[in-house]
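*Asks:*
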Amino acid sequence: MTEQPCVDLALTDEILERYPLEEPSLIQVLQDVQRAYNYLPCDVLIKVGEALGVPAAKVFSVSTFYKAFALDPQGETIVKVCTGTACHIRGAGQLVEELQRELGIGADETTEDLKFTVKTVNCVGACAMAPVMIVGEKYWGGAKPARVSKYLGTGGGDAN
Amino acid sequence: MRIESRDQFTALHEAARKARAEHRQQILVCCGTGCLASGAKEVAEAFAEQVADRGLDAEVGLFVKSTGCHGFCERGPLVVIQPSGVLYTRVKAKSVAEIIDTTVIGGEVITRLLYKNPVDGERIEDYSEIPFYKNQVRVAMRNIGRIDPTDIEDAIAEGAYSGLARALFELTPDEVLEEVRVSGQRGRGGAGFNTARKWASCKAAPGDRRFVLCNGDEGDPGAFKDRSIMEGDPHSVLEGMIIGAYAVGANEGYIYVRDEYPLAVVNLTIAIAEARKRGLLGDDIMGSGFNFDIKISRGGGAFICGESSALMRSLEGKVGEPRAKYVHSTEKGLYDLPTVLNNVETWAGIGAIIERGGQWFASMGTEKSKGTKAFSLVGKVKNTGLIELPMGTTLRQIIYDIGGGVANDRPFKAVQTGGPSGGCVPEELLDLPVDYEKLTEAGSMMGSGGMIVMDDRTCMVDVARYFLAFLTEESCGKCTPCREGLKQMLHIYDRLIGGDGREGDIEAIERLARGMQLGSLCELGKSAPNPVLSTLRYFRAEYEAHIHDRACPAGICRELTAYEIIEEGCDGCHACFKACPVDAIEGVIKELHVIHQDACISCGACFDVCPTEAIRTLPKSRLEKAEVV
Amino acid sequence: MNMIYKVSVERCIACGKCELACAFAHGSEGRPSKTRINIHRRGPELGTPIVCFQCDDAACVAVCPTEALVRNADTGAVDMARSRCISCRMCVAACPFGNMLWDDTYDCVQKCDLCGGDPRCVPFCPTGAIAWVPADLAAKPPEPLDREALEIGGGA
Amino acid sequence: MTTLTVNGRRVTVPDDATILDATRAAGVDVPTLCHFDGLEPWGGCRLCVVDMSQEGWDEDWFKMVTACNHPVAEGMRVVTHSERVLATRQVVIDLLLARCPETPLIQRIAAEHGIEKTSYEPNPEPTDCILCGLCTRVCDHIGVSAIASVNRGWGREIAPPFHGEPPDCIGCLACAEICPTDYIEFTDGHVTRTIWNREFEMLRDPVTGQAVITTAQAEYFAERSGVPKAYFETSDSSKRLAMAKTFAALAVKE
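Protein chains in written order, with this note's numbering: chain A, 3 to 162; chain B, 844 to 1472; chain C, 285 to 440; chain D, 7 to 260.
#1: I need the DSSP call for residue 1217 of chain B, collapsed to helix, strand or coil.
#2: Please check if any C-beta of chain A sits within less than 9 Å of the C-beta of residue 979 of chain B.
#3: How is residue 912 of chain B classed by DSSP in three states: helix, strand or coil?
#4: DSSP beta-bridge partners for residue 1110 of chain B?
#5: At least one CB of chain A closer than 9 Å to the CB of residue 176 of chain D: is that the case?
#6: Mapping the DSSP letters down to three states, classify residue 286 of chain C as helix, strand or coil.
#7: Can you tell me whether DSSP reads residue 161 of chain A as helix, strand or coil?
#8: For residue 410 of chain C and residue 295 of chain C, what's the separation of their Cα atoms in angstroms?
#9: Just the Cα atoms here: how many angstroms apart are residue 1064 of chain B and residue 363 of chain C?
#10: Are the CB atoms of residue 78 of chain D and residue 57 of chain D nearer to each other than 9 Å?
#11: Tell me, please, which residues DSSP counts as bridged to residue 327 of chain C.
#12: Whose Cβ in chain D lies nearer than 9 Å to the Cβ of residue 382 of chain C?
#13: Note down, one range per segment and in chain order, each alpha helix (DSSP H) of at least 4 residues found wholly within the region 124-161 of chain A.
#14: Against chain D, which members of the region 65-99 of chain A pass a CB distance test of less than 7 Å?
#15: Taking all protein chains shown into account, do 16 or more other C-beta atoms lie within 10 angstroms of the C-beta of residue 1305 of chain B, making it buried, or fewer, making it exposed?
#16: Taking residue 1177 of chain B as the reference, give the member of B:1448, B:1118 and B:1098 with the closest Cα.
#17: For chain A, is any of its Cβ atoms less than 9 Å away from the one on residue 799 of chain B?
#18: Can you tell me whether residue 1285 of chain B is buried or exposed? The criterion is at least 16 other CB atoms within 10 Å of its CB, across all chains shown.
#19: At least one CB of chain D closer than 9 Å to the CB of residue 158 of chain A: is that the case?
#20: How many Å lie between residue 1256 of chain B and residue 878 of chain B at the Cα?
#21: Contact criterion: CB-CB distance below 9 Å. Does residue 23 of chain A meet it with respect to chain B?
#22: Quick one: is residue 1207 of chain B buried, meaning 16 or more other Cβ sit within 10 Å of its Cβ, or exposed?
#23: Let me know if residue 1433 of chain B comes out buried or exposed under the rule of 16 or more other beta-carbons within 10 Å of its beta-carbon.
#24: Can you tell me whether DSSP reads residue 52 of chain D as helix, strand or coil?
#25: Are there 16 or more other CB atoms within 10 angstroms of the CB of residue 865 of chain B, so buried, or fewer, so exposed?
#26: Taking only runs of the alpha helix (DSSP H) that begin and end inside the region 1321-1373 of chain B, which ones reach a length of at least 4 residues, in chain order?
#27: Beta-carbon separation of residue 1370 of chain B and residue 1264 of chain B under 9 Å?
#28: How is residue 1139 of chain B classed by DSSP in three states: helix, strand or coil?
#29: Taking residue 1357 of chain B as the reference, which of D:70, D:54 and D:253 has the closest Cα?
#30: From the DSSP output, read off the bridge partner residues of residue 1293 of chain B.
#31: Does the distance from the C-beta atom of residue 153 of chain D to that of residue 145 of chain D stay below 9 Å?
#32: What did DSSP end up calling residue 956 of chain B once you bin it into helix, strand or coil?
#33: Report the partner residues of residue 1054 of chain B according to the DSSP bridge assignment.
#34: What three-state label does DSSP hand residue 1208 of chain B in the structure shown?
#35: Within 10 angstroms of the Cβ of residue 986 of chain B, are there 16 or more other Cβ atoms? Answer buried if so, exposed if not.
#36: Between residue 1070 of chain B and residue 138 of chain A, what straight-line distance do the alpha-carbon atoms span, to the nearest angstrom?
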């Protein structure tokens, strides 16, 4: 694990207030933590485990099992390339390659300046517009490798 | 206002209907995920602004609403004007004023925005005349695209909760169960288990506390019907669940939704809040004395959580690992208590079944598969989108009549159904009527209704490998055959597409596939070999070409495929030059272009953009031989 | 009738028959090292039989994480359910008298189960140092043993 | 009681028995890896698959199930060594051998199934961990859940939280002792014990100086069970000795 910056635990308190303090809330709490911090900081996970009465090992287990969670800081903008079947046969692979050329990172990696994280996701259910690339919150349907830099430029602005 | 009796509900229903009828014209803007991505939000806002600014509400009785997915995602943003039924496709915010002036006020149609039939190029005015819509029969999706999913009154006006009112005030729980039994409805999540039998088993299980769950963890790549239902008509899901809870005697419900479906979560959350406010959820529903409430649980991003026992573990806040189901979850499910788990589409159909009767539902479909089924028709087909059809419709009708045929008029090769648990159905089976049994016999399965059309530019070995890679990533890793077997199977496929296939590979694949089918713990592992076995069954020659000839007949597998420009065909348009990501193409405008094989990565970008089809593929092995000579 | 396992230390001659009987009763091998009753030998023909007291408020029961140790209502013994034991040995550590025994051949805990209400060691004791008696007789002090009259030689 | 047949032989077992219990009662050997009698069945390794037919099913209709966790039923027919059962077990053990090519236990079971060398791609980083889950399950039973499975699918492994020293571990060694392949490493000394890279102080018998259990273990169990911590501080042999002496002192003097 890379070294983690100090985090504001007050945010965690706010999140914990939204749910009953019991094990079934764990995944919901972690979802909110992931959104608030952009990843799951170690200190937060320990605090969440204590609050919900879930052993640290189980919290870690759940954090690593589900794909929605990241244990390292993520880029400001998350770039998701859908690799569902429809996107696959319509060329999602080329989008990932183009991103590799454009940003120098592969799937599940983050640029050094923490600007972008590239992820491949298994079908976002927008198959009719395949291939789909999501930059921040913005969906790009019928995405073309040649336009990747355009998507990234626009997306970077949109996401903030 | 809380509804405290059936009369109050009926009064609200009538009032809502009347209020809707007063609007002489309606503009329905599709705001499903697909259309939103294409800018539907801006279009809807522009309409609302125009209506407000120009006081059109009073003047022409105009009413604008954002609806759920109309299904025709590829053509979005979609705008339908009622009552004329004019459908405009790919509408931009800047065309809004023109639409209002010309169509709404002027009564004229704007031809440019009409749907153009890809088959004959004809523009079609009326929504219901478009082949994509004409052939559909909508049950689960009955209100999608017609209602504003965030407005419960709009839903009630269109009949939402009428089935619930009938169930609560006219039928006993046993009679509800009987109605569902008569309908013959089977689970829409994939396996096709009889709904009524599932409910009866839960109802019979001992204990006071039981649960009703909705599986909205639509993980099959290529399927998005559940997303559209949750986004476009969340009330149909709630209504179904309340009726189910009433039938089995449950008071607590959960909807498990993929976190990748943010709009579905938002619309469901609004719908639940509205339903509670109206007394349609919570204590003493509609004054009937029946209590039931629903909570939403967002999934963490794991395909395996679509499996029932894994989903229940996930709801418990645990890792989504399946358990053996030798004791059914209807008896020992969530927290080891009796539980009914149905798919989104299953629940969405229940309200209609109770309202219109089980007989009506059973009158559609085939002998063993009753009613209608939603599909997402995607891949290399002209009209992609979401459809609902009676069971028994043939693949040919779906792909050609509704889908308009294969995109770019390329030859049809196969249609993949059932996601990673399904298989590829070849051309010779196009007249197969689609139902649970027929698809299973063909080596595929219904799954969650994804239909991915593949043309001749699809390599079946690559498709099988794609699903293996998907499943390798999604296997929970609990049981040996799935965890280790997928990894090893993927390894063999990597060799196949990498040009390192060996004699005996096909037999090794078959042996391993059999072991996984028989030995795996849950359905993910048991059905994981389906894409492998179905492609082997129908496209064995393609495998053999990869092994014996080191060739990919479809020209997809990069290690085996080279691209070259056909001299006579190239008109020097320079499109390939611009598309090439690695600058492997040389040529100036209006002159013959050439691909440098040493730099080419065989990505196929040039092939896809070439307007004159002057680029062809050939096996790399032939290229190498040529160079040696 | 409520029976109780009574040990009269003063009568024990450390002959070891109880140990053998126990080992035989609990396994086909009958190795004395597998016995659940142990005689602490403190001199020629002087021994102290040590065996589970089946304590009322038993430390082993309290400490067991899987509820594998349960009181048998019929015999009064604390029985060990092999099907629930996870071999964590916490009972061995917790028993204040050292009466939970670890069997490293089978990696499991052994303890006196009163042979289901008919302790096999009792009939083999030549001196009545161990006895299975009605509870109301248990408080009666043991008869002194006339060691001179014994014909058994050797003992240990 | 429930009566069923195992390979044609009738056996009668308690109603809550599993097929594995029934095969044992019938004296038939069914191989297992992830099963331990004291833990609830898990059904992960898939080595104990058998063919099973229920009463009322077609004569030749069999379903393959895991013996360890499938309940018995009246009139059930179990076949433990049909051709397809053996073929499936072979695939399973072959795959495990590819994962753990150097693990003696796996090599032995593979050999018993006629496999000397895996037919799959051997793991480039051989491990002894077969992911049977026994360690995490026993740890859950101890009540501390100090370790758990992390990641999923092929990347699954057993690890303490954050791959660091497990904060909840009490050093009881239950995980290491239950591990069928001795994959979990530990060092046990008179003064300290180390497992999962965490060092534990040992309680030592005041008389013999012999290490008893870890201080953490004693504290955890004392708090949880209400048993005085002092009970844990002496070895069982010392406790027997002390008891013998006490008894001798109390004996009625002749």
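Here a beta-carbon is modelled for each residue, glycine too, at the ideal position from N, C-alpha and C.
*Replies:* Let me lay it out:
#1: In the structure shown, residue 1217 of chain B sits in a strand (DSSP, three-state: E or B).
#2: False, the Cβ-Cβ gap to chain A never drops below 9 Å.
#3: In this structure, residue 912 of chain B counts as coil in the three-state DSSP scheme.
#4: The bridge partners DSSP lists for residue 1110 of chain B come to none.
#5: Not an interface residue.
#6: In the structure shown, residue 286 of chain C sits in coil (DSSP, three-state: anything other than H, G, I, E or B).
#7: Unreliable positioning characterises residue 161 of chain A in this predicted model, as indicated by a pLDDT of 32, which lies under 50. A coordinate reading is not provided.
#8: Residue 410 of chain C and residue 295 of chain C have their alpha carbons spaced roughly 10 Å apart.
#9: Straight-line measurement puts the Cα of residue 363 of chain C at about 55 Å from the Cα of residue 1064 of chain B.
#10: The Cβ atoms of residue 78 of chain D and residue 57 of chain D lie no closer than 9 Å to each other.
#11: Residue 327 of chain C has C:330 as its beta-bridge partners, per DSSP.
#12: Residue 382 of chain C reaches chain D at 240, 241, 242, 243, 244, 245, 246, 247, 248 and 249, counting residues in chain order whose Cβ is nearer than 9 Å.
#13: Runs found: 150-160.
#14: Listed by position along the chain: 66 and 67.
#15: Buried, since its Cβ has 16 or more Cβ neighbours within 10 Å.
#16: Closest by alpha carbon: B:1098.
#17: No answer is possible for residue 799 of chain B: the residues shown for chain B start at 844 and end at 1472.
#18: Here residue 1285 of chain B is buried. Its C-beta has 16 or more other C-beta atoms within 10 Å.
#19: Unreliable placement is indicated for residue 158 of chain A, whose pLDDT of 39 sits below 50; the coordinate value is still reported in the next sentence. So no, residue 158 of chain A is outside the interface.
#20: Distance between the alpha carbons of residue 1256 of chain B and residue 878 of chain B: 29 Å.
#21: Residue 23 of chain A does not count as touching chain B.
#22: Burial call: buried.
#23: Classification for residue 1433 of chain B: exposed.
#24: Taken through DSSP and simplified to helix, strand or coil, residue 52 of chain D comes out as coil.
#25: Counting Cβ neighbours within 10 Å, residue 865 of chain B comes out exposed, since fewer than 16 surround it.
#26: Counting only runs of 4 or more, we get 1323-1340, 1348-1362 and 1366-1370.
#27: Going by C-beta atoms, residue 1370 of chain B is nearer than 9 Å to residue 1264 of chain B.
#28: In the three-state DSSP reduction, residue 1139 of chain B falls in the strand class (E or B).
#29: Nearest option by C-alpha distance: D:70.
#30: Looking at the DSSP output, residue 1293 of chain B bridges to B:1219.
#31: Cβ distance < 9 Å, so residue 153 of chain D and residue 145 of chain D count as in contact.
#32: Helix.
#33: For residue 1054 of chain B, which the question treats as bridged, DSSP gives the partners B:1095 and B:1182.
#34: Residue state, collapsed to three classes: strand.
#35: Under this definition residue 986 of chain B is a buried residue.
#36: Going from the Cα of residue 1070 of chain B to the Cα of residue 138 of chain A covers about 20 Å.
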